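Below is one structure, written out as structure tokens, with a few remarks after it.
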Amino acid sequence: MKSFLIIVSTLIVSTSFGRHPNNENIPDIFNHSIFNRLLEKHVSKQGTVDYEGFQSDSKELKKYIESLQMQRPNASWSKHKKLAYWINAYNALTIDLILQNYPLKSIKDIKNPWDQRLWKFGDKWLNLSDIEHEILRKMNEPRIHFAIVCASVSCPKLQNTAFSESHLDEQLTKATKEFLSDKTKNELSKDKIKISKIFRWFKKDFEHHGSLIDFLNQYSDISISAKARIGYTDYNWDLND
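Residues 1068 to 1308 in my numbering are what the sequence shown spells out, letter by letter.
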């Protein structure tokens, strides 16, 4: 009997401590409240970022990143939950990258900023390119391009609230409309448009359900002709502070 109890106890302990590495049995409860507080505190409504302020709260940012690393999405998560997780992860890691190299004038002052594998998720080291191209873009949601922010003036503005599963569609629509209506990034009229190079770099992403113009017309207050001439604005890589 004593031997039986020892065996059962060993199995219980082994099971409990065996859950974390593969992430399969961790409860599906995940919220972004830490990141939300940091964004509300250090990002303006216009999307400018107080990186010095983030530096003062670097421990909280690290705590949030560690929570992301400990619980990667699994098959039971909804698409919206996965999208919110990876959008927030991309933005948090971009801020972390800037802080690791701060002060600086541009993210491009950092050598290969999008290719540095600085963060370990489960058993994989990831960089920003992995998250953007291998995860987010493959989820076929083109509006992510107005939610993830590369810490630059010509990028979409960093929202001062975290993305969430329950409000994701509303948040992505808001971010897309705000970006399109920003005349420093896009100049729209019926017959001629001058738009962000984001639409050139990722054109295929916006053509899953029609043309690029079709996509723009879904979120623009201006009705753009299918035959409108298209040009692109210069991209400003200065830091978004």
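Glycine residues also receive a C-beta, built at the ideal position from the N, C-alpha and C atoms.
The structure displayed is predicted, hence computed values, not measured ones.
{"Query": "Find out if the Cβ-Cβ distance for the pair residue 1262, residue 1297 is shorter than 8 Å.", "Result": "yes"}
{"Query": "Per DSSP, residue 1315 forms a beta bridge with which residues?", "Result": "The structure shown does not extend to residue 1315, since the chain spans only 1068 to 1308, so no value can be given for it."}
{"Query": "Looking only at its own chain, which residues have a Cβ that is under 8 Å from the Cβ of residue 1307, when we skip the five neighbours before and after it?", "Result": "1114, 1115, 1116, 1216, 1218, 1219, 1220, 1222, 1224 and 1225"}
{"Query": "Could you work out which residue in 1258, 1265 and 1275 is closest to residue 1252 when comparing CA atoms only?", "Result": "1265"}
{"Query": "Does the beta-carbon of residue 1207 have 16 or more other beta-carbons within 10 angstroms, so that it is buried, or is it exposed?", "Result": "exposed"}
{"Query": "Report the residue from 1305, 1202 and 1234 whose alpha carbon sits nearest the alpha carbon of residue 1140.", "Result": "1202"}
{"Query": "How far does the alpha helix (DSSP H) with residue 1146 in it extend, from its first residue to its last?", "Result": "1146-1168"}
{"Query": "Would you tell me roughly how many angstroms separate the C-alpha atoms of residue 1281 and residue 1230, rounded to the nearest one?", "Result": "26 Å"}
{"Query": "Return helix, strand or coil for residue 1192, following the three-state DSSP convention.", "Result": "strand"}
{"Query": "Looking at residue 1105: is its Cβ nearer than 8 Å to the Cβ of residue 1121?", "Result": "yes"}
{"Query": "Go ahead and label residue 1272 buried or exposed: buried means 16 or more other beta carbons lie within 10 angstroms of its beta carbon, across all protein chains shown.", "Result": "buried"}
{"Query": "In the DSSP assignment, find the unbroken beta strand (DSSP E) run with residue 1277 in it and report its ends.", "Result": "Counting along the chain, residue 1277 falls outside any beta strand (DSSP E), and DSSP gives it neither H nor E."}
{"Query": "Buried or exposed: residue 1210, going by 16 or more other Cβ atoms within 10 Å of its Cβ?", "Result": "buried"}
{"Query": "Over the uninterrupted alpha helix (DSSP H) stretch that includes residue 1104, give me the two end residues.", "Result": "1100-1109"}
{"Query": "So what's residue 1219 in DSSP terms, helix, strand or just coil?", "Result": "strand"}
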